[in-house]
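K.L.:
Pasting a structure here, questions to come.
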Amino acid sequence: MLARLVFALAAAASAVSAFEILAPNSATWWVAESENVFTWTCTSADAPTGGFTVLIGNQDTSQMAAPQAIVAIGTNADCSKILTPQQVGFSAGTGYLLLLADPFNNTHVYATSEPFEIQAKGSAYPTTTAAIGSATGSGASGSSTGSAAASSQTNNGALKTSVGLGFGAIGALLGMMTF
């Protein structure tokens, strides 16, 4: 009963919220006991400022009785997170949902994913084309295939370039200083 209440509240909250989980979704599945990525619209004006808990649940309560926390407190600054095989140690099946909820009150759900599938360990990852502009506000887009780690590297290319340029500028400034 509690699981149904949480899912009903999650659906209602997502209907009025622009803060969204972009992936996984009905077209991008996860692979059991493997690295997997989830992304969200972190630049949304209604995104939580105090962080959130990431829960995974299933619409079929025989698969999972109630949502379980897989990330205790996530921050909104990242826009995506790679989950470890230990965090995605759930059995293959359909009807899974991710919930981003208040860390102190998990029934206060900020965003809910579309139902998605977790495929058996060793399955191929989906081939996707992601528009990153909606997640990060950068307007960049990327394409990925293969492992979750590869898609994360592709999607965060603009961030890595910015960080690399930032470290390069710091190095140049330090090089100009005399000790």
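Residues in the sequence shown are numbered from 2 upward in steps of one, following our numbering. We put the beta carbon where it would ideally sit given N, CA and C, even for glycine. These figures come from a predicted structure and were not determined experimentally.
1. Give every residue of the same chain whose Cβ lies closer than 6 Å to the Cβ of P49, excluding the five residues on either side of it in the sequence, and list them in chain order.
2. Quick one: what does DSSP say V38 is sitting in, helix, strand or coil?
3. Under a three-way DSSP split, which group does W30 fall into?
4. Would G58 and A67 be called neighbours here (beta carbons separated by less than 8 Å)?
5. Around the C-beta of N37, are 16 or more other C-beta atoms found within 10 angstroms, so that it is buried, or is it exposed?
6. By how many angstroms is the C-alpha of Q87 removed from the C-alpha of N107?
7. Tell me which residue opens and which closes the beta strand (DSSP E) that N77 is part of.
8. What separation, rounded to the nearest whole angstrom, lies between the Cα atoms of L99 and T128?
9. Between N26, Q64, T62 and S81, which has its C-alpha nearest F53's C-alpha?
10. Taking C-alpha atoms, which residue in K122, E118, G123 and S92 lies nearest to T29?
11. How is the beta strand (DSSP E) around Q120 delimited, first residue to last?
12. Could you give the first and the last residue of the continuous beta strand (DSSP E) run that contains D61?
P.N.:
According to the data block:
1. Taking the sequence shown and counting its residues from 1, the one referred to as residue 49 is at position 48. Excluding residues within five positions, the ones whose Cβ falls inside 6 Å are Y111.
2. Counting from one through the sequence shown, the residue named residue 38 turns up at place 37. DSSP places V38 in strand when its eight states are reduced to three.
3. The residue you call residue 30 lines up with position 29 of the sequence shown. Three-state DSSP puts W30 in coil, outside helix and strand.
4. For the purposes of this step, residue 58 is taken as the residue at position 57 of the sequence shown. For the purposes of this step, residue 67 is taken as the residue at position 66 of the sequence shown. In contact: G58 and A67 (Cβ atoms closer than 8 Å).
5. Position 36 of the sequence shown, counting from 1, holds the residue named residue 37. When all chains shown are included, N37 counts as buried.
6. By one-based count along the sequence shown, residue 107 stands at place 106. By one-based count along the sequence shown, residue 87 stands at place 86. About 21 Å.
7. What you label residue 77 is simply residue 76 of the sequence shown in a count that begins at 1. Element bounds for N77: n/a, residue is neither H nor E.
8. Residue numbering aside, residue 99 sits at position 98 when the sequence shown is read from its first letter. Residue numbering aside, residue 128 sits at position 127 when the sequence shown is read from its first letter. L99 and T128: Cα-Cα distance of roughly 20 Å.
9. Within the sequence shown, numbered from 1, the residue matching residue 53 stands at position 52. F53 has its Cα closest to that of S81, out of N26, Q64, T62 and S81.
10. Reading the sequence shown from its first residue, position 28 is the one you call residue 29. Here the closest residue by C-alpha is E118.
11. Within the sequence shown, numbered from 1, the residue matching residue 120 stands at position 119. Note, Q120: beta strand (DSSP E), F117 to Q120.
12. Start at 1 with the first residue of the sequence shown, and residue 61 comes out as number 60. Careful: D61 lies outside any beta strand (DSSP E) and carries neither H nor E.
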